[in-house]
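Asks:
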Amino acid sequence: MNDEIRKKVKKAIEELPMSQAEFARQLELNPRVLNRALLHQGKTPEVWEKVLAALGYRFTIEKIED
69 MNDEIRKKVK
79 KAIEELPMSQ
89 AEFARQLELN
99 PRVLNRALLH
109 QGKTPEVWEK
119 VLAALGYRFT
129 IEKIED
């Protein structure tokens with residue numbers, strides 16, 4: 069996950085009608101785990117999949133053309 073995506077996700081979470089901790093608990097995540105994911109720490113693939121799905125996004129990759 070790059071910093072640009074992290075910033076966009078963090079902004080989307082801030083726009084929710086709940087705190088970041090409440091959002092994490094809604095996803096059945098420990099709030100610390102979500103915070104670490106947003107700070108580029110910890111095991112993030114599973115966390116990002118849950119977070120993005122809950123916000124209506126899909127985690128995809130795209131091959132860079134030569």
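In terms of our numbering, the sequence shown opens at residue 69 and continues consecutively. We put the beta carbon where it would ideally sit given N, CA and C, even for glycine.
1. Look at the Cβ atom of L95, then the Cβ atom of V119, and state whether they are nearer than 8 Å.
2. Let me confirm a value: L97 is counted as buried when at least 16 other C-beta atoms fall within 10 Å, else exposed. Which label applies?
3. Use the C-beta contact count for F127: other C-beta atoms within 10 angstroms, 16 or more gives buried, fewer gives exposed.
4. Where does R74 sit, in a helix, a strand or coil, going by DSSP?
Replies: Put simply:
1. Here residue 95 refers to the residue found at position 27 of the sequence shown. Here residue 119 refers to the residue found at position 51 of the sequence shown. Yes, these two residues count as a Cβ contact at 8 Å.
2. The residue labelled residue 97 in the question sits at position 29 within the sequence shown. Classification for L97: buried.
3. Position 59 of the sequence shown, counted from the start, is the residue given in the question as residue 127. F127 comes out exposed.
4. Stepping through the sequence shown from its first residue, residue 74 is reached at position 6. Correct three-state label for R74: helix.
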